[in-house]
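Heads up: the structure comes next, in structure tokens.
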Amino acid sequence: MAGVTLERVTKRYGNVIAVNNANLEIKDKEFIVLVGPSGCGKSTTLRMVAGLEEITEGNIYIGDVLVNDIPPKDRDIAMVFQNYALYPHMDVYNNMAFGLKLRKFPRAEIDRRVKEAARMLGIENLLDRKPKQLSGGQRQRVAVGRAIVREPKVFLMDEPLSNLDAKLRVQMRAELSKLHARLQTTVIYVTHDQTEAMTMGDRIVVMKDGVIQQIGAPLEIYDNPVNVFVAGFIGTPPMNFIDCVLLKEEDDYWVKTPAFRLKIHPDRARQIQNIDAYVGKEVILGIRPEDIHDAKISPGPEDATVVAMVDVTEPMGSEVIAYFSKGDAQFVARIDPHTEATDGEEHPVSFNMKKIHLFDKETELVIK
Ligand SMILES: Nc1ncnc2c1ncn2[C@@H]1O[C@H](COP(=O)(O)OP(=O)(O)OP(=O)(O)O)[C@@H](O)[C@H]1O
Ligand SMILES: [Mg+2]
Numbered sequence: 230m231a232g233v234t235l236e237r238v239t240k241r242y243g244n245v246i247a248v249n250n251a252n253l254e255i256k257d258k259e260f261i262v263l264v265g266p267s268g269c270g271k272s273t274t275l276r277m278v279a280g281l282e283e284i285t286e287g288n289i290y291i292g293d294v295l296v297n298d299i300p301p302k303d304r305d306i307a308m309v310f311q312n313y314a315l316y317p318h319m320d321v322y323n324n325m326a327f328g329l330k331l332r333k334f335p336r337a338e339i340d341r342r343v344k345e346a347a348r349m350l351g352i353e354n355l356l357d358r359k360p361k362q363l364s365g366g367q368r369q370r371v372a373v374g375r376a377i378v379r380e381p382k383v384f385l386m387d388e389p390l391s392n393l394d395a396k397l398r399v400q401m402r403a404e405l406s407k408l409h410a411r412l413q414t415t416v417i418y419v420t421h422d423q424t425e426a427m428t429m430g431d432r433i434v435v436m437k438d439g440v441i442q443q444i445g446a447p448l449e450i451y452d453n454p455v456n457v458f459v460a461g462f463i464g465t466p467p468m469n470f471i472d473c474v475l476l477k478e479e480d481d482y483w484v485k486t487p488a489f490r491l492k493i494h495p496d497r498a499r500q501i502q503n504i505d506a507y508v509g510k511e512v513i514l515g516i517r518p519e520d521i522h523d524a525k526i527s528p529g530p531e532d533a534t535v536v537a538m539v540d541v542t543e544p545m546g547s548e549v550i551a552y553f554s555k556g557d558a559q560f561v562a563r564i565d566p567h568t569e570a571t572d573g574e575e576h577p578v579s580f581n582m583k584k585i586h587l588f589d590k591e592t593e594l595v596i597k
């Protein structure tokens, strides 16, 4: 068991800065997810922890041990890759046993570990099959099993589910979470899928262009994103961003576009301590799709309601995803499935102005 610490870690490939001054303290037994768009440095970070990439600057510790110069095989980690290439000529048992045989483990110990991992993963009845006789999900389980038998201090997983179809991915997601609860091991998990990050991580690390943007528990990040990027990346459909000017009238704060204005709920305005510095300036209003309602079904206060054009509605059964526009502003809402909003017609929507975010137009940082 061990935590993992990254201290000012940078990785350069020539002119490309793949990871830029990353600081991260992963606790023992924590399930931490590195998430971000393609090319943001997730795999590079993981591969440095594994010892598969040299670190340009900084330090990495596993437990208390500085591992910068320790080769991968001595780091007590096990890695599951996206492309989990099993040995095609070996059966499942031997695919899982192979690494232990190489390390000269006694036969009885190998047998114990392989069978225990197989039981945990529900693949005991597949031990004598060859990989080609398995489904994608079963192969994925074998790949995880191969890592489990090593009984490592830290599991590193790089998009291990991305080769699976959507349904299987959801199922394996839940299984990996349960497995983590049983194994009680530190896991560093890489994905570009924000849903995976939200559902699996004890904490999430959001990265962009090699830079860690925010570290926190899933809901902490969802509720309090530090900048426009994180706000737009976590959550689906993504948060709406509307260019506005911030106004103050008597004690009330308003956001105004050329086409409409909305009063910020006083409770929310009070939470934004720096709000006065932005009065009269351009700001970005952020509001999540679930915080915009069909005003005919859930009427909000008049000063938070606008009549907008319904561009497209997508009935999902449990809800309707509705795309609206009003002047230059466009926004998406998750509204009640019984809505009468009709494509091409106007419809009133109410904004929950207690749930809004304001961002600095220039820095794109949240206004706190
Ligand atoms: N061997 C290399 N030589 C040069 N540049 C590299 C090398 N490996 C990665 N990079 C660059 O480093 C950056 C980070 O790459 P990395 O593979 O860590 O991204 P990622 O977040 O894992 O992306 P993806 O989601 O596509 O897997 C990218 O700009 C990439 O082009
Ligand atoms: Mg990658």
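For the sequence shown, the working numbering gives the first residue as 230, with consecutive numbering after it.
Ideal Cβ placement from N, Cα and C applies to all residues, glycine included.
| Query | Result |
| --- | --- |
| Counting C-beta neighbours from all protein chains within 10 Å, is the total for lysine 361 16 or more, i.e. buried, or is it exposed? | exposed |
| When every heavy atom of ligand 2 is checked, does at least one fall within less than 7 Å of the C-beta of aspartate 387? | yes |
| Ligand 1: which residues have Cβ under 5 Å from any of its heavy atoms, chain order? | Tyr242, Val245, Ala247, Ser267, Gly268, Cys269, Gly270, Lys271, Ser272, Thr273 and His421 |
| Could you work out which residue in Thr415, Thr568, Glu543 and Asn503 is closest to isoleucine 596 when comparing CA atoms only? | Asn503 |
| If you draw a straight line from the alpha carbon of aspartate 565 to that of tyrosine 451, how long is it in whole angstroms? | 22 Å |
| Between alanine 537 and isoleucine 513, what straight-line distance do the alpha-carbon atoms span, to the nearest angstrom? | 19 Å |
| Which residues does DSSP pair with leucine 476 in a beta bridge? | Trp483 |
| From what residue to what residue does the beta strand (DSSP E) around alanine 551 run? | 549-555 |
| Kindly list the residues whose CB is nearer than 7 Å to the CB of lysine 271, restricted to its own chain and excluding five residues on each side of it in sequence; keep chain order. | Leu263, Gly265, Val419 and Met436 |
| Starting from the Cα of arginine 497, find the closest Cα among Leu355, Asn252, Ile585 and Ile433 and give me that residue. | Ile585 |
| Helix, strand or coil for leucine 393 per DSSP? | coil |
| Given this structure, state the Cα-to-Cα distance separating leucine 281 from phenylalanine 310, to the nearest angstrom. | 13 Å |
| From lysine 333 to asparagine 323, what distance separates their C-alpha atoms? | 14 Å |
| Can you list the alpha helix (DSSP H) stretches of 4 or more residues lying completely in the region 496-551, in chain order? | none |
| Please determine whether the Cβ atom of valine 419 lies at a distance below 7 Å from any heavy atom of ligand 2. | yes |
| Under the assumption that phenylalanine 470 contacts glycine 515 (Cβ atoms under 8 Å), give the Cβ distance between them as a whole number of angstroms. | 6 Å |
| Per DSSP, what kind of secondary structure is methionine 468 in: helix, strand or coil? | coil |
| DSSP state of arginine 358, grouped into three classes? | coil |
| By Cβ distance below 8 Å, which residues in the same chain neighbour isoleucine 441 in space, the five residues on each side in sequence not counted? | Ala251, Asn252, Leu253, Val434 and Val435 |
| Do you know whose CA, among Pro530, Arg368 and Ile289, lies nearest isoleucine 299's CA? | Ile289 |
| Ordered along the chain, which non-local residues of its own chain (more than five positions away) have a Cβ less than 7 Å from that of lysine 190? | Since the first and last residues shown for the chain are 230 and 597, residue 190 lies out of range. |
| Return the CA-CA distance between glycine 429 and isoleucine 444, expressed in angstroms with no decimal places. | Correcting the residue identity first, residue 429 is methionine in this sequence and not glycine. Cα to Cα, methionine 429 sits roughly 14 Å from isoleucine 444. |
| With aspartate 557 and threonine 486 assumed to form a contact (beta carbons below 8 Å), what rounded beta-carbon distance in angstroms separates them? | 7 Å |
| If I measure Cβ to Cβ from aspartate 481 and keep anything under 6 Å in the same chain, skipping five residues before and after, which residues do I get? | Lys492 |
| Could you compute how far the alpha carbon of tyrosine 313 sits from the alpha carbon of arginine 375? | 10 Å |
| So glutamine 189 is in the beta strand (DSSP E); what residue range does that whole segment cover? | In the structure as shown, the chain begins at 230 and stops at 597. Residue 189 is therefore absent and cannot be evaluated. |
| Thinking C-beta only, is leucine 363 closer than 8 Å to valine 371? | yes |
| Would you mind reading off the limits of the alpha helix (DSSP H) that contains tyrosine 322? | 321-331 |
| Could you check the C-alpha separation between phenylalanine 580 and valine 457 for me, to the nearest Å? | 19 Å |
| Cα separation between valine 474 and arginine 499? | 18 Å |
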